[in-house]
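K.L.:
Structure provided below as structure tokens; questions to follow.
2 protein chains.
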Amino acid sequence: MYLASLGELALGSRLKALSDHFYAAADEVYRSCGAPIESRWFPVLRYLWEHDATTVSEVATAIGQTHSAVSQLADKLVRAGLVKRRKDARDGRRSLLVLTDKGRGALTSLGPVWVAIRRGAMASLGQDGLTLLAALDACEKALQERPLVASILAEHAALGAAELEIISYEPALKEHFYRLNAAWLERYFRLEDIDRVVLGDPGRYVLKPGGAIFFARLGGEIIGTCALLHESPGVYELSKMGVDEAFRGLGAGRRLLDAAIAEFQRRQGRELFLESNSRLKTALRMYEQAGFVMQPSVRPGSHYERADVYMVYEENSRRPHPLGQGAAKRTRRTG
Amino acid sequence: MYLASLGELALGSRLKALSDHFYAAADEVYRSCGAPIESRWFPVLRYLWEHDATTVSEVATAIGQTHSAVSQLADKLVRAGLVKRRKDARDGRRSLLVLTDKGRGALTSLGPVWVAIRRGAMASLGQDGLTLLAALDACEKALQERPLVASILAEHAALGAAELEIISYEPALKEHFYRLNAAWLERYFRLEDIDRVVLGDPGRYVLKPGGAIFFARLGGEIIGTCALLHESPGVYELSKMGVDEAFRGLGAGRRLLDAAIAEFQRRQGRELFLESNSRLKTALRMYEQAGFVMQPSVRPGSHYERADVYMVYEENSRRPHPLGQGAAKRTRRTG
DNA sequence: GGCAATTACGTTAGTGCTAACGCAATTGCC
DNA sequence: GGCAATTGCGTTAGCACTAACGTAATTGCC
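Protein sequence lines correspond, in order, to chains E and D. Just so you know, we're using the numbering used here here: the first sequence kicks off at 987 and counts up by one. Just so you know, we're using the numbering used here here: the second sequence kicks off at 987 and counts up by one.
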């Protein structure tokens, strides 16, 4: 499922899809049981069943919809003969909704169906259903206490103020090198033995043979990393590039790449290549923009199982950073 | 929140409400950041961003919508200048969707906003957000493996086949007496000391003083209970009535009530009363239909804190069981 | 009493989506 | 090659809902 890979960003779409699924299922059940109601009517009907003689707005606030929606729904229910409208004697503006005998009878005979729905949902969803319900509760509450928009805008402001820095390796950052790389490796592939070894001791396997490691730091937090491996005299490999999922899109990857390329050039290297996988589309696009050129076949003697892409750096195919000067200005090279 | 009390029955409505909430929040953020896109466009745009030059139906299946929806959305995106349509040279039916430069630029500069949304959602929802995402994943998967409608219809058939029996107390059922009563007490009020004592040893506190206890059994499972307490010579109290949440609406409560009333009459009792709480609307309605009449004030010297309703049984105010003869026929008195 | 603010409700226009249909192109099969 | 089935897409009608507005009645305040 593609949407699942988007995490929080596509929550709305996924929730809606699931919601429609439940509605459709309930409708199908009602139809096959011969019940004369539709799934969308349920909250209103159930509320009237439990409360009888309530106003439109009372129902509306109870079920969390606008009074218009309830009013229109009430029209339908009246047409279906399940509900009747009554004028409130004391307050002429109000119109009271009451179940008709037919309506009450229909709902009463619907009891077994509702029981079946509850139990059927439990049977299909199992423990996950309860977890979902609990999470819904918690999220509804959390959103009331901490409005989403305010939180997002606060984060946005914080991001705008924070500086994106590229820094060199320090032993204190060793764990970050492992964490950031393990994250995408485990997600898309799996940790190969060679990964575990190299990631676990970057000083020995990257720096000592003549390589370099860079980190991206945003507002004090390490959000990405990238390594330049010294493969043989004059030949370097770009590898171990990883940016924290939550911070993708800020240009940290491209910035790390540029830092590694600059280091390659500072050392007057002769060849810079990388190996990757065709599934990592956004990464490949970034490599191309930074100046790497796709090669027709994989590199001979690759030491990664997952490598099916082989790219080589060519100075003149380089394109400018898409986020432009504004982002570049905030970059500072330290360490 | 009323909908939350409906459990699985109102899942669709709650999911939709939450979905709309997220959409609205995202729209507000985009607006206040000056981004020229709408939240509903996101899945399509993001997919095009990662894949470029894809067909309508590929996008549709990826994001789980119909091709019509994607087609109409594509029209909007074309009007907004973010996307262009291209004919596929090899297959004349296809029209390929590609981001325009403007579109790609807009999405690239949207990176920080997406990061802010992710982090803002995390800040607002905290751990609950992750739980919700995980539960969503699990439920989507579960629904594919075990279709909801099939499960519900299976449960419905099982309910129709199962027999609803009312049985008398046996020591082996002691735990059920506690469980069924503790459930609603803890949900609506809290367990008072007197409850714990009586529920823990019904033999001593209900049967020995001259009372009776009934259970409702459906297909071998104990789903409800009800007690008739002997208060003083000729005076009985109806109490400790509880039906498992998942089995409400099957008429078990009314059946239990009738059994208790029948027992009261068999013993030629003089007065039968009950104490309850005005929050338990459906229960009160059931009591009224069974023949209990609301009294103007609470019973003097009540031993429950939660009691604010006092009802007395009157033979002639009794009304027939709403589920009718069909349900009654399946009832059998045993034990 | 008089007048503004509020409350309750209905109506209308518009949005986002689906189902259903139709057309064009491709594929499969004899 | 010829013809049916399938695939890909666009269009239309319709549904559920909201936002925005208008109307009627009530409440609050001087």
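Glycine included, each C-beta is placed from N, C-alpha and C at the ideal position. No experiment lies behind these values; they were computed from the predicted model shown.
Return the bridge partner residues of His1216(E) from the DSSP annotation.
P.N.:
The residue labelled residue 1216(E) in the question sits at position 230 within the first sequence. Answer is Tyr1222(E).
K.L.:
At a Cβ cut of 9 Å, what residues of the segment 1121-1133 of chain D count as close to chain E, listed as they run along the chain?
P.N.:
Under the 9 Å Cβ criterion, the segment 1121-1133 of chain D contributes Ala1121, Leu1122, Asp1123, Ala1124, Cys1125, Glu1126, Lys1127, Ala1128, Leu1129, Glu1131, Arg1132 and Pro1133.
K.L.:
Check whether the segment 1237-1249 of chain D touches the segment 1204-1216 of chain D, taking contact to mean three or more Cβ pairs, one atom from each stretch, closer than 8 Å.
P.N.:
Because the criterion of three Cβ pairs below 8 Å is met, the segment 1237-1249 of chain D and the segment 1204-1216 of chain D touch.
K.L.:
Mind listing the chain D neighbours of Ser1018(E)? Cutoff is C-beta to C-beta under 7 Å, in chain order.
P.N.:
On the first sequence, position 32 is the one that residue 1018(E) refers to. Correct list: Leu1139.
K.L.:
Going by DSSP in three states, Phe1175(D) sits in which element: helix, strand or coil?
P.N.:
Against the second sequence, residue 1175(D) aligns to sequence position 189. Looking at Phe1175(D) - three-state DSSP - the assignment turns out to be coil, as it is neither helix nor strand.
K.L.:
Suppose you measure from the CA of Glu1014(D) to the CA of Val1064(D); what does that come to, to the nearest Å?
P.N.:
Numbered from 1 along the second sequence, position 28 holds the residue referred to as residue 1014(D). Numbered from 1 along the second sequence, position 78 holds the residue referred to as residue 1064(D). Glu1014(D) and Val1064(D): Cα-Cα distance of roughly 22 Å.
K.L.:
Whose C-alpha, out of Ala1060(D), Asp1077(D) and Gly1078(D), is nearest the C-alpha of Lys1070(D)?
P.N.:
For the purposes of this step, residue 1070(D) is taken as residue 84 along the second sequence, with counting starting at 1. The candidate whose alpha carbon is nearest that of Lys1070(D) is Ala1060(D).
K.L.:
Pairing CB atoms from the segment 1032-1050 of chain D with CB atoms from the segment 1157-1176 of chain E, are three or more of them under 8 Å?
P.N.:
Touching, no.
K.L.:
Using a beta-carbon distance below 8 Å, is Gly1050(E) in contact with chain D?
P.N.:
Sequence index remark: in the first sequence, residue 1050(E) carries index 64 (1-based). So, interface residue.
K.L.:
Would you kindly work out how many angstroms separate the C-alpha atoms of Leu1119(E) and Gly1089(D), rounded to a whole number?
P.N.:
The residue you call residue 1119(E) lines up with position 133 of the first sequence. The residue you call residue 1089(D) lines up with position 103 of the second sequence. If I take the Cα positions, the gap works out to 38 Å.
K.L.:
Spell out the partners DSSP gives Ala1245(E) in its beta bridges.
P.N.:
Counting from 1 along the first sequence, the entry for residue 1245(E) is found at position 259. None; Ala1245(E) has no bridge partner.
K.L.:
So with Cβ pairs under 8 Å, would you call Phe1200(D) a contact of chain E?
P.N.:
Numbered from its first residue, the second sequence carries residue 1200(D) at position 214. So no, Phe1200(D) is outside the interface.
K.L.:
Quick one: does Val1015(D) have its CB under 8 Å from some CB of chain E?
P.N.:
One-based indexing of the second sequence puts residue 1015(D) at position 29. Judged by the 8 Å Cβ criterion, Val1015(D) is in contact with chain E.
K.L.:
Just how far apart, CA to CA, sit Met987(D) and Lys1226(E)?
P.N.:
Looking up residue 987(D) in the second sequence gives position 1. Looking up residue 1226(E) in the first sequence gives position 240. Straight-line Cα distance between these residues: approximately 49 Å.
K.L.:
Is Leu1083(E) helix, strand or coil by DSSP?
P.N.:
Start at 1 with the first residue of the first sequence, and residue 1083(E) comes out as number 97. In the structure shown, Leu1083(E) sits in a strand (DSSP, three-state: E or B).
K.L.:
Taking contact to mean at least 3 C-beta pairs separated by less than 8 Å, is the segment 1261-1274 of chain E in contact with the segment 1138-1153 of chain D?
P.N.:
Judged by Cβ distances under 8 Å, the segment 1261-1274 of chain E makes no contact with the segment 1138-1153 of chain D, as fewer than three pairs qualify.
K.L.:
So, helix, strand or coil for Gly993(D), using DSSP?
P.N.:
In the second sequence, the residue the question calls residue 993(D) occupies position 7. Reduced to three states, the DSSP call for Gly993(D) is helix.
K.L.:
Less than 8 Å separating the beta-carbons of Gly1205(E) and Ala1144(E)?
P.N.:
Residue 1205(E) sits at position 219 when you count from the first residue of the first sequence. Residue 1144(E) sits at position 158 when you count from the first residue of the first sequence. Their beta carbons are under 8 Å apart, which means Gly1205(E) touches Ala1144(E) by this criterion.
K.L.:
For the alpha helix (DSSP H) holding Ser1095(E), just list the boundary residues, first then last.
P.N.:
In the first sequence, counting from the first residue as 1, residue 1095(E) sits at position 109. Per DSSP, Ser1095(E) belongs to no alpha helix (DSSP H) and is neither H nor E.
K.L.:
Strictly under 8 Å for the Cβ-Cβ distance: is Ala1276(D) near chain E by that measure?
P.N.:
Indexing the second sequence from 1 puts residue 1276(D) at position 290. No, Ala1276(D) does not count as interfacial toward chain E.
K.L.:
Just curious, the beta strand (DSSP E) that Ile1152(E) is in, first and last residue?
P.N.:
Residue mapping note: residue 1152(E) aligns to position 166 of the first sequence, counting from 1. Looking at the DSSP string, the run of the beta strand (DSSP E) that includes Ile1152(E) is Leu1150 to Ser1154.
K.L.:
For Gly1163(E) and Asp1006(E), what's the separation of their Cα atoms in angstroms?
P.N.:
For this step, residue 1163(E) is matched to residue 177 along the first sequence. For this step, residue 1006(E) is matched to residue 20 along the first sequence. Per the sequence shown, residue 1163(E) should be read as Phe rather than Gly. Roughly 43 Å between the two C-alpha positions.
K.L.:
Which residues mark the beginning and the end of the beta strand (DSSP E) in which Tyr1273(D) is found?
P.N.:
As a position in the second sequence, residue 1273(D) is number 287, starting the count at 1. Not the beta strand (DSSP E): Tyr1273(D) falls in the alpha helix (DSSP H), residues Lys1267 to Ala1276.
K.L.:
In chain D, what lies closer than 7 Å to Lys1002(E) by C-beta?
P.N.:
Looking up residue 1002(E) in the first sequence gives position 16. The contacting residues are Lys1002 and Ser1005.
K.L.:
How would you call Ser1054(D), buried or exposed, if buried means at least 16 neighbouring beta carbons within 10 angstroms?
P.N.:
Locating residue 1054(D) in the second sequence gives position 68, where the first residue counts as 1. Flag for Ser1054(D) reads exposed.
K.L.:
Assign Asn1167(D) to buried or exposed, taking buried as 16 or more other Cβ atoms, counted over all protein chains shown, within 10 Å of its Cβ.
P.N.:
Residue mapping note: residue 1167(D) aligns to position 181 of the second sequence, counting from 1. That one is buried.
K.L.:
Given Gly1287(D), which residues of its chain have a CB within under 8 Å of its CB, disregarding the five upstream and five downstream residues?
P.N.:
In the second sequence, the residue the question calls residue 1287(D) occupies position 301. Once the five neighbours on either side are set aside, Gly1287(D) has no close Cβ partner at all.
K.L.:
Give the single residue among Pro1022(E), Val1184(E), Leu1116(E) and Lys1127(E) whose Cα lies nearest to the Cα of Cys1125(D).
P.N.:
Translated into positions along the second sequence, residue 1125(D) becomes position 139. Nearest C-alpha to Cys1125(D): Leu1116(E).
K.L.:
I want to verify the contact list: residues of chain E whose CB lies under 9 Å from the CB of Ile1153(D), in sequence order.
P.N.:
As a position in the second sequence, residue 1153(D) is number 167, starting the count at 1. Within chain E, no residue comes near Ile1153(D); the closest Cβ sits about 20 Å away, beyond 9 Å.
K.L.:
Under a Cβ-count criterion, where at least 16 other Cβ atoms within 10 Å of its own Cβ denotes burial, should Arg1305(D) be classed as buried or exposed?
P.N.:
Position 319 of the second sequence, counted from the start, is the residue given in the question as residue 1305(D). Classification of Arg1305(D): exposed, given that the 10 Å Cβ count is below 16.
K.L.:
For chain E, check one thing: does any of its Cβ atoms lie closer than 8 Å to the Cβ of Gly1106(D)?
P.N.:
Numbered from its first residue, the second sequence carries residue 1106(D) at position 120. It does; some Cβ of chain E falls within 8 Å.
K.L.:
I need the straight-line Cα distance from Arg1105(E) to Ala1003(E), nearest angstrom please.
P.N.:
For the purposes of this step, residue 1105(E) is identified with residue 119 of the first sequence, where counting begins at 1. For the purposes of this step, residue 1003(E) is identified with residue 17 of the first sequence, where counting begins at 1. Cα to Cα, the separation comes out at about 22 Å.
K.L.:
Grab the span of the alpha helix (DSSP H) containing Arg1032(D) for me, first residue to last.
P.N.:
The residue given as residue 1032(D) occupies position 46 in the second sequence. From DSSP, the alpha helix (DSSP H) with Arg1032(D) extends over Phe1028 to His1037.
K.L.:
Would you report the Cα separation of Ala1242(E) and Glu1172(D), rounded to the nearest angstrom?
P.N.:
Position 256 of the first sequence, counted from the start, is the residue given in the question as residue 1242(E). Position 186 of the second sequence, counted from the start, is the residue given in the question as residue 1172(D). Residue identity differs from the one stated: residue 1242(E) is Leu in this sequence, not Ala. Taking the straight line joining both Cα atoms gives about 57 Å.
K.L.:
From this set, Gly1237(E), Glu1301(E) and Leu997(E), which residue's C-alpha is nearest Gln1254(E)'s C-alpha?
P.N.:
Along the first sequence, one-based indexing puts residue 1254(E) at 268. That would be Glu1301(E), whose Cα lies nearest to the Cα of Gln1254(E).
K.L.:
May I ask you to report which of helix, strand or coil DSSP gives Ser1005(E)?
P.N.:
Here the question's residue 1005(E) lines up with position 19 in the first sequence. In the structure shown, Ser1005(E) sits in a helix (DSSP, three-state: H, G or I).
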